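Read the structure below first, then the notes.
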Amino acid sequence: MIIDQINGMFEFVGSGFIWYNVYTLYKDQEIKGVYWPAIIFFILWSIWNLIYYPNLDQYWSFAGSISLIIADIAWLSLAILYSRRNKNV
Numbered sequence: 000m001i002i003d004q005i006n007g008m009f010e011f012v013g014s015g016f017i018w019y020n021v022y023t024l025y026k027d028q029e030i031k032g033v034y035w036p037a038i039i040f041f042i043l044w045s046i047w048n049l050i051y052y053p054n055l056d057q058y059w060s061f062a063g064s065i066s067l068i069i070a071d072i073a074w075l076s077l078a079i080l081y082s083r084r085n086k087n088v
């Protein structure tokens with residue numbers, strides 16, 4: 000169980016970093032220096048974790064991965080919005 004709690008903390012800390020990216024993107028309203036394949040890979044990995052962790056009965060990790068995927072979706076939504084908006088300007 001302690002391994003699950005440690006991994007869950009990594010997931011929650013990772014989501015905190017993504018939420019900071021969401022805040023920065025919202026504040027700047029401009030995308031700079033993004034490598035899209037990396038973004039897509041980590042979002043897909045987050046989605047995979049939503050399937051993987053419950054099968055291992057790792058619910059702390061699962062909770063952290065929920066936080067992470069919500070942050071990823073928020074960032075991706077803003078990135079799409081601002082990239083489309085800035086192309087129209």
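Position 50 of the sequence shown, counting from 1, maps to 49 under numbering that gives the first Met the number 0, and the rest follow consecutively.
A virtual CB, placed ideally from N, CA and C, is assigned to each residue, including glycine.
Treat the numbers as computed from the prediction; the structure is a model and nothing was measured.
Test item: CB-CB of residue i and residue j under 9 Å
{"i": "residue 49", "j": "residue 61", "result": "yes"}
{"i": "residue 10", "j": "residue 81", "result": "no"}
{"i": "residue 70", "j": "residue 18", "result": "yes"}
{"i": "residue 55", "j": "residue 14", "result": "no"}
Minimum C-alpha distance to residue i - residue among the options
{"i": "residue 73", "options": "55, 4, 23", "result": "23"}
{"i": "residue 12", "options": "86, 59, 77", "result": "59"}
Secondary structure of residue i, DSSP reduced to three states
{"i": "residue 33", "result": "coil"}
{"i": "residue 0", "result": "coil"}
Residue i, buried or exposed, once every other Cβ within 10 Å from all chains shown has been counted against 16
{"i": "residue 45", "result": "buried"}
- Length at least 3, wholly inside the stretch 15 to 71: the beta strand (DSSP E) runs in chain order: Segments of the beta strand (DSSP E) lying fully in the stretch 15 to 71: there are none.
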